[in-house]
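Note sheet for the following structure.
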Amino acid sequence: MKYRYFILVLTLVLASCKSKPLIQVSEQKNHYNHKIFEEHKLAPRATFFGFESAFIDKKEKSQRFLSLNGDWKFNWVKSPKQRPTTFQNTDFDDTKWTTIAVPANWEVVGFGHPIYLDERYPFTTKWPDAPTDYNPVGTYRKEIALDNEFLSQDIILHFAGAKSAMYVYVNGNYVGYSQGSKTPAEFNITQYLKEGKNLIALQLFRWSDSSYLESQDMLRMSGIERDVYLYSTPKVAITDYHSYTNLVDDYKNGVFKGTVSITNATSELVSREFTIELLDNDKSVFKETKTVEVLANSKLDIISEKTIENIKQWSAELPNLYTIKIALENLENKNNNQYINRNVGFKSVEIKDSQVLINGKSIYIRGVDRHETDPFTGHVVSKESMEKDIRLMKENNINAVRSSHYPNDPYWLDLCDTYGLYVVDEANIESHPLAIDKDTQIGNEMSWLPAHMMRTQRMFYRDRNHPSIYSWSLGNEAGEGEVFRSTYKWLKANDSNRIVQYEPAGKEDYTDLYCPMYPKPENLINHGKSESDKPSIMIEYAHAMGNSVGNLQDYWDIIEQYPNLQGGYIWDWVDQSLEYKDENGNPYLAYGHDYHPDLPTDGNFLNNGLVDPYRNPNPHLSEVKKVYEPVQFKYLGNGTIEIVNKNFFADLSNKMISWKVLKDGVSFFSHNNIGVDVSPQESQKIRFEKFPNQFSPNSEYILQVSLLQKEVTTLLKKGHEIAWDEFILQKGNSIDDSLLVMNDLTITNSEQIVISNTNVQLTLDATSGEIITWNYKGNEITKKPIQPNFWRPPTDNDLGNGMNKWAKIWQDATYNSTAKLIKAPKKTAVGVRYSVAYKLPNTKANAIVVYTIHANGILKVDYSFNPKEEDLPNVPRLGMYVTLADDFNSLSWYGNGPEESYWDRKTGVKAGIYSEKISDGFHRYSRPQETGNKTNVRWAKISSDNLSLTIVGETSLLNTSAWPFEMKELDFNTEDAGKSASGLVPVTKKHGAASSEGGMDIEEVAAKTPEAIHKVAVEPSLGLQDAEADDLAKKIGVPDASIPQAREILKGLYKAFWETDASLAEINPLVVTGDGKVIALDAKFNFDSNALFRHPEIVAYRDLDEEDPAEIEASKFDLAYISLDGNIGCLVNGAGLAMATMDT
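All letters in the sequence shown, in the order written, are residues 83 to 1226 by my numbering.
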């Protein structure tokens, strides 16, 4: 019997140890159905935290708060079919999973890749279906320990933002579903928790039906992007509040209406002490206390109203805030008490006489559009980054921000409340790819109304207590129709003290504003002259992509002429590139195909910022600061100025004036710390003491006046310059004619023409008249000709308007003009003069330059440009350029600075004498382009250690620049050049590749044995160096004895590649014979078709019989024909468009 008993026990033990099968997750279909966008989410509410004590002011200090930020166990798959389906079980084995820090975008930390598209979806699926094949899914698991004290109250799980569709589970139980990535998702998870260890798990789909509504112009990424946390709340608790404010009695008194919602989640009637108080600093201006009773399982709204006399208004200029304190106390159990502290501002918003009025004043919006982006963390933006943004905006006179194109982090709104920015809060809605075509837009598809309404309402309820918000936006570029008319009506019914706007509505009845994008100046004038009852505030203008923001002052000259024009928002605030690192660990700003070489992209169109991704100002920010100034100076003569305060609410009592007079660019007299006190919209005349009244006859005198911050504030330093202006008191003479005297120049004619004396030697080609060498006192100035220039490297916006195509004849004219000496050098009264004519290819125009060399070394250049046709395209630039000797390393100039400037962007730069290293004489835009120009230059001096070359405009002020590279290096980086064109890597880098797998297709090698590919980055101005060639030869297996031979072949290959403008140069195979000889057995070259005009010797080898007739025919019209299957092909005007067409 003992033996049998033992066996029975053993059998029972074995049976009890056998594992149960894990439960499969329930079917997940919500993300395929645009009519289901949430399940079991709590109702939207205002941003606040209910503290257990009146003395706690941050949720992180509260015992009711538990952050879930930090490491989560994480699994990522490319397809929903690959996702784990038992992950929600508490005993699921996740030991082989990786970890991910929350919040984080998957694509930033190595799971998938960001995609940048503007007007296209990142998938080919058609609405309302969601992608089912490639649609990455992230699965998260986090274990937490909870004690009974925390569990004694209701527990809420809070996701501040997650993209795009999320299923949530707790301890194996399905909790709920959420869409809407930029507003919170909250779930009451009390019933699923237990004392001790608990599991929170979720699955997040990169794309869902909600992706059709989240197609904003930004990097497409996914993940949990904002904070995640638990908080506990009493069973009887404040679940929402609304602080409505307005102004009455000629805007002097404030109306306060507080609505507090109390929810009783118990089965009994309860009694609580309720207190609401409004404080001005520590002074109570309103307080109400009463006992309230709340029925079982019900909600009670308590309304408190008060008119407060002599209210301190909130505005962006004077952001006065009051504090609202709300308390709900249980006199029998203080553990159930709840205390809330938030800010309140009093302002009014209305439209009267076709103007938006804030507190009765028709303010101007000097705004920017702002995306949430960080070069290291993507869409996860820290508080420190937000604080830096608002500091920079306030320093640069920006007074408004549009939350484009989604509700921003609530902390950003807190900052705007505190420091003063007018905010357009925009719903997380953009269906741009569908909205392009009226047949596909969903603005009239009423089945989509609930999804649009949800996003609108959740924005509204979260943000309605923020005084900085003066306008709600229904979304961006999402079509038009009844869907938006419905959301407009809902907002108007629920908020009587804000306006509602929507750009696609134009001037229809579901927008309070006419808020166009990128209107032409004449369109603004037309609206200004119209009798429309709608004010106009541009939601996007002055497209700040690359080297841009021209004509900003022109726009504001128009705006200030017409009362119904009230400003706009510059697109946009910050470049959105992420920082990547190359194979050597060097950082660069990525865009376009840097993220995904095999997918369509809209290149660097994501970089439109006034600041770069690190928040360093781009050059055009100084123009914005100047045009957005809140004051204006006028010079009345005799040392008297008038200062006009353009503010509507703030006086200038905390400001001071400084002034100085420049004599030929150098400070001649100055005075600081002059007090000023000008009321809003008023002016004051100030006469400067000891103002100079006698000036030297040949010198230039300029008065510069500045308005400075008198005392330090949280955001502005003492002495910060807020505004400035300058006035020319007396013009000077640019050239001293006494220098232009004849001396002992001689002319020698042979195969070359030499003009010389003991100071200068100028050697010319006898036929062309072009400079061969130019030396001064034994120092080389140049070995290359001075050439006429009709071109500049295209900026980003130039490419947008096709300048590289419609103005291409001027590019050809610049690089391929033909010079001819038409008047031989001849002595004159002031020097030796000769004339050169330049024939310009592909255009009926020419240029004639008359050169005069003086004995003291001065070279005078008289330039004449002669167009012979009226319909020639605009000339991008008209001037001369020359490549100087390498010894020249610095530039100083008397003109506008210190930032680069252009004829249409020079309001924000001051006259003065500036200097810089030539190596620093350009701005590193993310895509190389035109940069470094100086305007209003009286003189410029380019110097080496031994010599200075001074350039002076004889009859007018000059534009000039000096680069440490050839213009071509900027000029031919017009496409998606990726990391080699990044602003963090020298623009002169080009990459070469080699492999030891000779005689094979290089693409096959890259696919099968990528480790066999070896790369080297080459500096073109130096060529492939010996050490680089030797290292490459070693890596591909060339024996040491044969490396010198391989070196010469590789250097020759690179030289041929560079000099012929090749796009590919390949030796395949390179062999080493038995006796050590290195031989290139075969090679091939591909050439850039856009550069072949410089290489007629290569074009001569073209055999049209070997080419596709369709490609030949297309090339006649500057088009490309891409052959597909059968007799189908794409006829396109660019490689990018070809790629996009083939991928759709």
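Even for Gly, the Cβ is constructed at its ideal location relative to N, Cα and C.
Starting from arginine 354, follow its DSSP beta bridges and name the residues at the other end.
Within the sequence shown, residue 354 is the residue found at index 272, counting from 1. In DSSP, arginine 354 forms a bridge with Val374.
Among Met248, Gly610, Ile619, nearest to glutamine 643 - alpha-carbon criterion
In the sequence shown, residue 643 corresponds to position 561, counting from 1. Nearest option by C-alpha distance: Gly610.
Using 8 angstroms as the threshold, is the C-beta distance between leucine 703 and asparagine 478 below it?
Working through the sequence shown from its first residue, we reach residue 703 at position 621. Working through the sequence shown from its first residue, we reach residue 478 at position 396. Cβ atoms of leucine 703 and asparagine 478: closer than 8 angstroms.
Ignore the nearest five residues each way along the sequence and tell me which others in glycine 884's own chain have a CB closer than 6 angstroms to its CB.
Position 802 of the sequence shown, counting from 1, holds the residue named residue 884. If we look at glycine 884 and ignore the five residues flanking it on each side, it has no Cβ neighbours.
Going by Cα to Cα distance, which pick from Thr989, Pro1178, Ala967, Asn490 is closest to glycine 243?
Locating residue 243 in the sequence shown gives position 161, counting from the first residue. Among Thr989, Pro1178, Ala967, Asn490, the Cα nearest to that of glycine 243 belongs to Asn490.
Taking the Cβ atom as the reference point for each residue, do lysine 905 and tyrosine 916 lie within a distance shorter than 8 angstroms?
Within the sequence shown, residue 905 is the residue found at index 823, counting from 1. Within the sequence shown, residue 916 is the residue found at index 834, counting from 1. In this structure, tyrosine 916 lies closer than 8 angstroms to lysine 905 by Cβ.
Quick check: the stretch 965-983 against the stretch 1016-1028, are at least 3 beta-carbon pairs closer than 8 angstroms?
By the criterion of at least three beta-carbon pairs nearer than 8 angstroms, the stretch 1016-1028 is in contact with the stretch 965-983.
Taking C-alpha atoms, which residue in Gln261, Ile182, Leu439 lies nearest to serine 397?
If you number the sequence shown from 1, residue 397 lands on position 315. The shortest Cα separation from serine 397 among Gln261, Ile182, Leu439 belongs to Leu439.
What does the Cβ neighbour count give for serine 353, buried or exposed, with the cut at 16 atoms within 10 Å?
Numbered from its first residue, the sequence shown carries residue 353 at position 271. Exposed, because fewer than 16 other Cβ atoms sit within 10 Å of the Cβ of serine 353.
Would you please state the rounded distance, in angstroms, between the beta carbons of isoleucine 408 and tyrosine 313? I believe it to be under 8 angstroms.
For this step, residue 408 is matched to residue 326 along the sequence shown. For this step, residue 313 is matched to residue 231 along the sequence shown. The Cβ separation is near 16 angstroms, so there is no contact.
According to DSSP, is tyrosine 274 part of a helix, a strand, or is it coil?
Mapped onto the sequence shown, residue 274 falls at position 192. The answer is helix: DSSP assigns tyrosine 274 an H, G or I state.
Per DSSP, which residues does tryptophan 741 bridge with? Please list them.
By 1-based counting over the sequence shown, the position of residue 741 is 659. DSSP lists His753, Val787 as partners of tryptophan 741.
Contacting residues, own chain, Cβ-Cβ under 7 angstroms from valine 159 (five flanking each side not counted)
One-based indexing of the sequence shown puts residue 159 at position 77. Same-chain partners within the cutoff: Arg165, Pro218, Val219.
Quick one: does the C-beta of histidine 461 sit closer than 7 angstroms to a heavy atom of the ligand FMN?
You won't find the ligand FMN in this model; it holds no ligand whatsoever.
Let me know the secondary structure DSSP gives glutamate 466 once reduced to three states.
What you label residue 466 is simply residue 384 of the sequence shown in a count that begins at 1. Glutamate 466: helix per DSSP, three-state reduction.
According to DSSP, what are the bridge partners of methionine 599?
Here residue 599 is taken as the residue at index 517 of the sequence shown, counted from 1. Partner(s): Glu622.
Buried or exposed (CB count within 10 angstroms, at least 16 for buried), methionine 528:
The residue labelled residue 528 in the question sits at position 446 within the sequence shown. That one is exposed.
Is lysine 56 helix, strand or coil by DSSP?
The structure shown does not extend to residue 56, since the chain is modelled only from 83 through 1226, so no value can be given for it.
Would you call aspartate 499 buried or exposed, if buried means 16 or more other Cβ atoms sit within 10 Å of its Cβ?
The count along the sequence shown starts at 1 and reaches residue 499 at position 417. Per the 10 Å Cβ criterion, buried.
Rounded to the nearest angstrom, what separates serine 568 and glutamine 893 at their Cα positions?
Counting from 1 along the sequence shown, the entry for residue 568 is found at position 486. Counting from 1 along the sequence shown, the entry for residue 893 is found at position 811. The alpha-carbon atoms of serine 568 and glutamine 893 are separated by roughly 53 angstroms.
Does the pairing of the stretch 979-992 with the stretch 937-945 give three or more beta-carbon distances under 8 angstroms?
no
What is the rounded straight-line gap between the Cα of alanine 482 and the Cα of leucine 497?
For the purposes of this step, residue 482 is taken as the residue at position 400 of the sequence shown. For the purposes of this step, residue 497 is taken as the residue at position 415 of the sequence shown. Rounded to whole angstroms, alanine 482 to leucine 497 spans 12 angstroms at the Cα level.
Would histidine 625 and tyrosine 600 be called neighbours here (beta carbons separated by less than 8 angstroms)?
Position 543 of the sequence shown, counted from the first residue, corresponds to residue 625. Position 518 of the sequence shown, counted from the first residue, corresponds to residue 600. Note that the C-beta distance between histidine 625 and tyrosine 600 is below 8 angstroms.
Going by other Cβ atoms of all chains shown within 10 Å of its Cβ, with 16 needed for buried, is asparagine 956 buried or exposed?
In the sequence shown, residue 956 corresponds to position 874, counting from 1. Asparagine 956 comes out exposed.
Flag this pair as touching only if the stretch 611-623 and the stretch 576-596 have three or more C-beta atom pairs under 8 angstroms; answer yes or no.
yes
Reducing DSSP to helix, strand and coil, say where tyrosine 307 ends up.
Along the sequence shown, one-based indexing puts residue 307 at 225. The identity of residue 307 in the sequence shown is glutamate, whereas the question assumes tyrosine. If DSSP states are grouped into helix, strand and coil, glutamate 307 belongs with coil.
In terms of residue numbering, what span does the alpha helix (DSSP H) encompassing valine 964 cover?
Taking the first residue of the sequence shown as position 1, residue 964 is located at position 882. Element bounds for valine 964: n/a, residue is neither H nor E.
CB-CB length for alanine 1128 against alanine 1144, believed under 8 angstroms
Position 1046 of the sequence shown holds residue 1128. Position 1062 of the sequence shown holds residue 1144. About 20 angstroms; that fails the 8 angstroms criterion.
Do phenylalanine 1004 and glycine 1014 have their C-beta atoms closer together than 8 angstroms?
Looking up residue 1004 in the sequence shown gives position 922. Looking up residue 1014 in the sequence shown gives position 932. Their beta carbons are under 8 angstroms apart, which means phenylalanine 1004 touches glycine 1014 by this criterion.
So, at 7 angstroms on beta carbons, what are the nonlocal neighbours of glycine 939 in its own chain, with the 5 sequence-adjacent residues on each side left out?
The residue given as residue 939 occupies position 857 in the sequence shown. So the qualifying residues of the chain are Asn841, Val842, Tyr858.
Run of the alpha helix (DSSP H) containing isoleucine 440, from where it starts to where it stops
Residue 440 sits at position 358 when you count from the first residue of the sequence shown. Looking at the DSSP string, isoleucine 440 is not in any alpha helix (DSSP H); the run it does join, the beta strand (DSSP E), is 437-440.
Starting from tryptophan 975 and walking both ways along the beta strand (DSSP E), at which residues does that stretch end?
Locating residue 975 in the sequence shown gives position 893, where the first residue counts as 1. Its beta strand (DSSP E) spans residues 972-979.
Which stretch, first to last residue, makes up the beta strand (DSSP E) that contains histidine 324?
Along the sequence shown, read from residue 1 onward, the residue named residue 324 stands at position 242. Per DSSP, histidine 324 belongs to the beta strand (DSSP E) from 318-330.
Assuming the contact rule is C-beta atoms closer than 8 angstroms, glutamate 512 and glutamine 298 should be a hit. Round their C-beta distance to whole Å, please.
By one-based count along the sequence shown, residue 512 stands at place 430. By one-based count along the sequence shown, residue 298 stands at place 216. The Cβ separation is near 5 angstroms, so the contact holds.
Taking the continuous alpha helix (DSSP H) assigned at glycine 1134, which residues delimit it?
On the sequence shown, residue 1134 is found 1052 positions in, with the first residue counted as 1. Per DSSP, the continuous alpha helix (DSSP H) segment holding glycine 1134 begins and ends at 1125-1141.
Which word fits lysine 102, buried or exposed, when buried means at least 16 other C-beta atoms lie within 10 angstroms of its C-beta?
As a working note, residue 102 is residue 20 in the sequence shown. Its Cβ having fewer than 16 others within 10 Å, lysine 102 is exposed.
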